[in-house]
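Comments concern the structure below.
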Amino acid sequence: MNPFTKVQLVNKLNEWDADGARIAKASWHSQYKDSTWIFPGGLPHDLTERDIFCVFSQYSETININLVWDRKTAKSKGFCFICYEDQRNMVLAIDNLNGKIYPSGPLLGLGSREELSE
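Going by the UniProt record's numbering, 4 is the number at position 4 of the sequence shown; the sequence numbering is gapless.
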């Protein structure tokens, strides 16, 4: 196969991907298109709901923040559930915050709440 034919085939493949036919099926965005909940994990145990609100409300209004607490120590367990008013804002928050490093370490396990139930 000559190099020009290879370039043409790659261009065809790129056009097909750009149409969204294959990308939409492979992307987690479409898989959780009906969810507005996210699960941030790996949070510092001394964070309060107010601290979490300050970080996650950058992307839109949060409707609910449920920080999970240890009853014995009265400290955070290092994860929470956050609900956004719109799915697009949930996607924006995950895309921008997943794996970001904060003074205490990276945010881990940022994903949709439905992902956890599987």
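For glycine and all other residues, C-beta sits at the position ideal for the given N, C-alpha and C.
Item                                                                                      : Value
For Ile65 and Glu49, believed in contact at Cβ under 8 Å, the rounded distance            : 5 Å
8 Å Cβ cutoff met for Met1 and Thr36                                                      : no
Beta-ladder partner(s) of Ser76, from DSSP                                                : Trp69
Proximity to Gln87 [Cα-Cα], best of Phe79, Tyr32, Gln8                                    : Tyr32
Three-state secondary structure assigned by DSSP to Thr48                                 : coil
Nearest candidate by alpha-carbon position, reference Ser60, set Cys83, Thr5, Lys6, Asp34 : Cys83
Cα-Cα separation, Lys100 to Leu47                                                         : 16 Å
Between the CA atoms of Leu92 and Cys80 - distance to the nearest angstrom                : 18 Å
Residue(s) in a DSSP beta bridge with Thr62                                               : Tyr84
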